[in-house]
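Number of protein chains: 2
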Amino acid sequence: MAVRLAEVAEAAGVSQATASRVLNGSNRRPAPEVADKVRAAAERLGYVPNAQAQALVRASARLIGLVVHDIADPYFSSIARGAQRGLAGSGIQLMLASTERAAEAEVEAVRSFMSYRTDAILLAGSRGFGDDVLLERLLQAYRGNGGRVAMIGQPLASAGGVQIDNEGSAAALADELLRLGHRRFAVLSGEPELQTASQRAAGFLATLKSAGVMPEVVSQGAFTREGGYRMMVDLLASGVSGEERKLCVFCVNDVMALGALAALREAGLSVPEDVALAGFDDIPTLADQYPTISTVRLPLEEIGRMSVEMMLGNSDASHRVVVEGAVVLRQSTRLS
Amino acid sequence: MAVRLAEVAEAAGVSQATASRVLNGSNRRPAPEVADKVRAAAERLGYVPNAQAQALVRASARLIGLVVHDIADPYFSSIARGAQRGLAGSGIQLMLASTERAAEAEVEAVRSFMSYRTDAILLAGSRGFGDDVLLERLLQAYRGNGGRVAMIGQPLASAGGVQIDNEGSAAALADELLRLGHRRFAVLSGEPELQTASQRAAGFLATLKSAGVMPEVVSQGAFTREGGYRMMVDLLASGVSGEERKLCVFCVNDVMALGALAALREAGLSVPEDVALAGFDDIPTLADQYPTISTVRLPLEEIGRMSVEMMLGNSDASHRVVVEGAVVLRQSTRLS
DNA sequence: ATTAGCGTGGAAAGCGTATTCCCGCTGACT
DNA sequence: AGTCAGCGGGAATACGCTTTCCACGCTAAT
């Protein structure tokens, strides 16, 4: 269909081998005048190499796969952006899969990436395993065949990746909120099988406990804006907020906090006057919120960039980095 | 490296041809007991087909390419999400390129997608052509080889895609704002070579003109949040807002409006009390803004979905759809 | 009873490229 | 002058798969 290397070679009056050597830069470099002829012919015919054929014969497909839950979620799109940046200029392309939080879709995506022989697979925000033996086995096979796997946010036995200190960072946030003088807390968490959500809730609660503070409410819902909204609606309906002392609500991620905020507004309550609110991630979207929202800053783009760089570099395949979040107190948790 | 079809065939005691027929579902379906043997062997060995090899021999690589300016921008990530949704279950994978608004990167991305023999290329928010003969020629060649091209947002001669009625929608917005009673306007537009920005500004201005209203300011900057911020800072510095009648600022997209809003807040001005503000796109992020922001709603996700469906379906390759935006008036443009 | 027709599995030919040999040549060193 | 390393180009193989094309055994129709 398209122009093949053989046609270029013929047009240039050289062999296919020579044309190949000129156009892809092997370690053997043909004579300058020959090279020019080949390049001219390629240009004239509009030759575009067939990456599939190259991948078949080369070791690498020059492809990297990124699995996210929802590319429209700022958390993931920031990571994706970082990944793209990390890839810039490397000649490696990104394949994207958005699982919509379905475990089967995640497995499907990984299988597909394996099928395309991607050099590496980045799993962002995956639920931990546990029951998901299938995925684990798949990745094991992938790594056995030379593929590299990076978990973003969650550690995976014997795989590299960027790990996030969810517990520690959430604990630090709780510390700061206590220091501000907050004493009444609610924690809105995500699905229990989501390690990210559980760890954040656990870290937060552990610090409260060691300070002798009992949370008023701990609820679990969806790890999404909608989930935050729902849980806040329920929280308000339960009447827990109408007390003398202000309630401080910790949502285990920012989009949930935004959902919760929407519910508060609909109920005619203001932040931070009536209720204090904190999130986690510091997604870019938060920059445009008013009141400004307290959160734990994660260098999301950096995390994406680091992940691909770890995959690209020929460092130890199971290299790991742990990222700490930075507590950022803003208006939404002001006490008075 | 990985398990090959030949090994599966051998393990199952059949020929490679038979194994292939069983595992990928050709139009010839081997006998049930043979098929079971093959499937069992494939399962046991952990066979994953090599998509590169399949692509090489098949007509299609089962790949589709999406080019966006910035995947972290909600406008593009919404489109990407829609595209993913449209692809769901089709077995076709998405390759993503984020150009960071650089024309060379766009060309590079297209060339790369051509190299991977993607079945279609979706160009979202591309600057129109004009000077960009290179890109145009590239796409021409691609289409000549059976590739399909969809422009999202901008029409391309003889290519299909989803077109957005920027001018008409912006004109409708201006109409509504005039009807509300606004008379003093500022238009913050994007780079002049970006057709999307120019068309929106033009549609808006044309309606003002036919109503006999002269805009106070028309400025051009970056088509980004930062651009909106900068232009609003300049606008405020020029002192144009301190008049008896409220100024209504139209930003040609929502992220610019958010940037402008940030600048207003920093200057201690409120929306809509001191200045009215309107954007364009209705990105999901806008749902969490307070005050709520007037805009023109574009069904972004739907646009992404439609685009891939047009590419997938074997309808006329140059089929086009024009999407109208819906004016949504919210708090940010209230007059009193 | 013979043959046309059909269904089923296998051998083999590519798909487009990188790369390994191989071969002829030149230039340098003995 | 003879030999040999080194270099530059070409023929051919391999990458993993799909898909003709074939051969073969069976049923159904004349």
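Protein chains in written order, with my numbering: chain A, 1268 to 1603; chain B, 1268 to 1603. Ideal Cβ positions, reconstructed from N, Cα and C, are used throughout, including at glycine.
Contact between LEU1440/A and ALA1545/A holds: their C-beta atoms lie close to 6 Å from each other, under 8 Å.
Rounded to the nearest whole angstrom, the C-alpha separation of ARG1368/A and ALA1469/A is 22 Å. In the three-state reduction of the DSSP assignment, SER1603/A falls in the coil class.
Residues of chain A with a Cβ closer than 7 Å to the Cβ of PRO1551/B are, in chain order, ALA1339. With fewer than 16 other Cβ atoms inside 10 Å of its own Cβ, GLY1356/A counts as exposed. CA-to-CA, the gap between LEU1447/B and ARG1467/B works out to about 20 Å. DSSP links PHE1517/A through a beta bridge to VAL1454/A and ALA1545/A. At a cut-off of 8 Å between C-beta atoms, ARG1378/A counts as an interface residue with respect to chain B.
Counting the other Cβ atoms within 10 Å of the Cβ of VAL1542/A gives 16 or more, which makes it buried.
Between the alpha carbons of LEU1333/B and LEU1567/B lies a distance of about 14 Å. Listed along the chain, the chain A residues whose CB falls inside 7 Å of the CB of GLY1313/B are ALA1408. For SER1282/A, the three-state secondary structure derived from DSSP is coil.
The Cβ-Cβ distance between SER1486/A and SER1344/B does not fall below 8 Å.
Contact annotation for ASN1291/B against chain A: no contact, minimum CB-CB distance about 11 Å [criterion: below 7 Å]. Using a Cβ distance threshold of 8 Å, ALA1276/A and THR1285/A count as a contacting pair. Below 8 Å, enough C-beta pairs join the stretch 1518-1532 of chain B and the stretch 1477-1495 of chain B to call them touching: three or more. Residues are counted here when their Cβ sits less than 8 Å from a Cβ of chain B; for the stretch 1526-1550 of chain A these are LEU1528, ALA1529 and ARG1532, given in chain order. Judged by DSSP secondary structure, ARG1564/B falls within the beta strand (DSSP E) whose first and last residues are 1562-1564.
At a beta-carbon threshold of 7 Å, the residues of chain B lying near LEU1363/A are LEU1361 and LEU1363, ordered along the chain. In chain order, CYS1515, ALA1545 and THR1600 place their CB closer than 7 Å to the CB of LEU1444/B, counting only its own chain and leaving out the 5 sequence neighbours on each side. Identification of chain B residues near ASN1317/A by a Cβ-Cβ cut-off of 8 Å yields LEU1323, SER1382 and ARG1384, ordered along the chain.
Buried is the label assigned to ASN1520/B, since at least 16 other Cβ atoms lie within 10 Å of its Cβ.
Each residue's CA atom was taken as its position, placing GLY1349/A and VAL1335/A some 13 Å apart.
Taking the Cα of ALA1370/B as reference, the smallest distance to any Cα among GLN1321/B, ASP1399/B, ALA1464/B and THR1552/B is reached at ASP1399/B.
Taking the CA atoms as reference points, ILE1431/A sits about 44 Å from SER1436/B.
Between SER1599/B and chain A, the shortest Cβ-Cβ separation is not below 8 Å.
For ALA1387/B, not one C-beta of chain A is nearer than 8 Å to its own C-beta. Interface residue (Cβ-Cβ distance to chain B less than 8 Å): ARG1497/A is not classified as such. With a threshold of 8 Å between beta carbons, SER1561/A makes no contact with chain B.
Looking at ALA1347/B, SER1282/B and ARG1311/B, the one whose alpha-carbon comes closest to that of PRO1297/B is SER1282/B. Scanning chain A for C-beta atoms nearer than 9 Å to the C-beta of TYR1342/B yields nothing, as the closest lies near 10 Å away. Using a CB distance cut-off of 8 Å, ASN1412/A counts as an interface residue toward chain B. At least one beta carbon of chain B lies nearer than 8 Å to the beta carbon of ALA1328/A. For the pair GLN1462/A and TYR1342/B, the Cα-to-Cα distance works out to about 30 Å.
Linking GLY1457/B to GLU1434/B through their CA atoms gives a straight-line distance of about 14 Å. Residue burial annotation: PRO1316/A is buried, with at least 16 other C-beta atoms found within 10 angstroms of its C-beta.
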